[in-house]
Amino acid sequence: MDKTMKTKIDAINSRLSEKPREPLGFFPTPLHRLDCLSELLDVNLYMKRDDFSGRSLFGGNKIRKLEYLIGDAKQKQCEYVFTYGASQSNHAMQTVTACRRAGLKPVLYLVALVPVREEDIRANLLLDKIMGAEIHIIEKLPEETEEDAENRSFALAKEQIARLESAGHRCYDIPMGGADPIGSAAFVGGYVEMLTQMDALSLTPDYIFHGTGTGGTLAGLVAGKLASGSKADIVSINVSHKTDEYRTQVAALSNETLKVLGIDAQVTKDDLHTDLNYYAPGYEMPNEAASEAIRLLASTEGILTDPVYTGKAFAGMLDYIRSGKVPKGSTIVFWHTGGATALFAEKEILGSSLY
Ligand SMILES: *Cc1c(COP(=O)(O)O)cnc(C)c1O
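According to the working numbering, the sequence shown holds residues 1 to 355 in order.
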């Protein structure tokens, strides 16, 4: 990389090092080439292994965010950490691992998008239980939308937080996915970590692919891209339905993140390349292209992805390559954000075409 970029990356790392950070994982995460798939697809394909971030066997992108979020919680001398998600939320499970390591008490408010069967608890929800988290399951009522049920879970948590705080306990509230400026700042660091690793291999990425949900990861990645002067095209595959508002909101989060770090750059919604073509029929609902992508990666490289996030993102990337939207010979980084515990989740999430 040129000297200007190197100076910018040093400045970003120096701003990040001023933030409180709880060591929860193993960083930098590995970055390596996918030799078999690169040959098969006629591209130069690398993988950034944020699935290897964690202390438990099951890491993921939330660990990166949680190092700063839990760092902030400890600095504020909190005792409880509240967070939210679906009953099989990776973020919630990783928050529990983080809290256990840091000596904080995790409280989860989880919306059951897929019915929770008490006699057959699986995957992340099982891990949450083994780690002894306080778990509140919110059943979605027939007349409620997903969003209604989520809002109800936030309101219930708010009441509990008020009760605890009036009794003298400090609570730290982490939004779904850890998508706030402190969490996203971690991915500004993640982006320059990846650039530095690629540079050590004398490479510059042309494309970055990843799955986007709450947008916290994307907000950080795009902030990192603009702040470092990188020219890579970040292609963010949506894993759930979003309106046009999504890019506006993520750009706003990106700018707040840059502000928290005191970095002078501006993100607009046109800097965000999201793609809604691969999530159908919905969040936590399997599709055939994702199953094919999971099987292809597993059978060529022995690497596991999941049906909710990384499998759909990988399917999107395969389609971009096969259709020529990404030219042959391109240097691509696929960001593995974790989530493979979903392979052991309920059948509704897994789908039947993987076995
Ligand atoms: C949460 C999650 C994502 C999406 O990250 P956001 O920051 O919420 O957009 C992608 N992959 C996996 C496995 C996740 O758990």
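Glycine residues also receive a C-beta, built at the ideal position from the N, C-alpha and C atoms.
All figures in this text were calculated on a predicted structure; none of them were measured in a lab.
| query | result |
| --- | --- |
| Backbone secondary structure at His336 - three-state DSSP | strand |
| Option in Asp72, Lys328, Asn124, Ser38 with minimal Cα separation from Ala133 | Asn124 |
| Check: Lys62 C-beta below 7 Å from any heavy atom of ligand 1 | yes |
| Any non-hydrogen atom of ligand 1 within 7 Å of Ala179 CB | yes |
| Coil, strand or helix - Thr331 by DSSP | strand |
| Reference Leu66; option with closest CA among Ser56, Arg21, His273 | Arg21 |
| Extent of the continuous alpha helix (DSSP H) to which Ile321 belongs | 310-322 |
| Nearest residue (CA-CA) to Asp206, options Asp233, Val222, Val188 | Asp233 |
| Where Ala73 sits in the DSSP three-state scheme | helix |
| Coil, strand or helix - Glu139 by DSSP | strand |
| Proximity test, His91 beta-carbon vs ligand 1 heavy atom, cut-off 7 Å | yes |
| Paired residues, beta bridge with Arg49 - DSSP | His336 |
| From Leu41, Ser153, Ala293, residue whose alpha carbon lies closest to that of Thr83 | Ser153 |
| C-beta contact flag for His241 and Ala313 at 8 Å | no |
| CB contact flag (Gly60, Asp51, <8 Å) | yes |
| Cα-Cα separation, Ser358 to Leu16 | Lying before the first or after the last residue shown, residue 358 is absent from the chain, which here runs from 1 to 355. |
| Same chain, Cβ closer than 8 Å to Gln77, neighbours up to 5 away in sequence not counted | Arg170 |
| Cutoff 7 Å; reference Glu301; Cβ partners in own chain excluding five residues on either side | Leu34, Cys36, Leu37 |
| Bridge partner(s) assigned by DSSP for Arg33 | Tyr46 |
| Cutoff 6 Å; reference Cys99; Cβ partners in own chain excluding five residues on either side | Val81, Pro106 |
| Contact check, Leu261 vs Val192, beta carbons under 8 Å | no |
| Start and end residues, beta strand (DSSP E) containing Ser236 | 233-238 |
| Run of the alpha helix (DSSP H) containing Tyr283, from where it starts to where it stops | Unbroken run through Tyr283: none, as it is neither H nor E. |
| DSSP bridge partner residues for Leu343 (one or two, in chain order) | Leu343 is not bridged to any residue. |
| Three-state secondary structure (DSSP) of Val111 | strand |
| Exposed unless 16 or more other CB atoms sit within 10 angstroms - verdict on Tyr320 | buried |
| Burial state of Gln94 (16 or more Cβ within 10 Å) | buried |
| For Asp2, the residue or residues it bridges with in DSSP | Answer is none; Asp2 lacks a bridge partner. |
| Inside the region 180-260 only - beta strand (DSSP E) runs reaching at least 3 residues | 207-212, 233-238 |
| Nearest residue (CA-CA) to Ile70, options Leu104, Tyr278, Thr196, Met47 | Leu104 |
| Range of the contiguous alpha helix (DSSP H) that encloses Ala155 | 146-166 |
| Segment contact flag, the region 278-297 with the region 342-350, C-beta cutoff 8 Å, min 3 pairs | yes |
| Three-state secondary structure assigned by DSSP to Val96 | helix |
| Cβ pair Ile12, Ser228 closer than 8 Å | yes |
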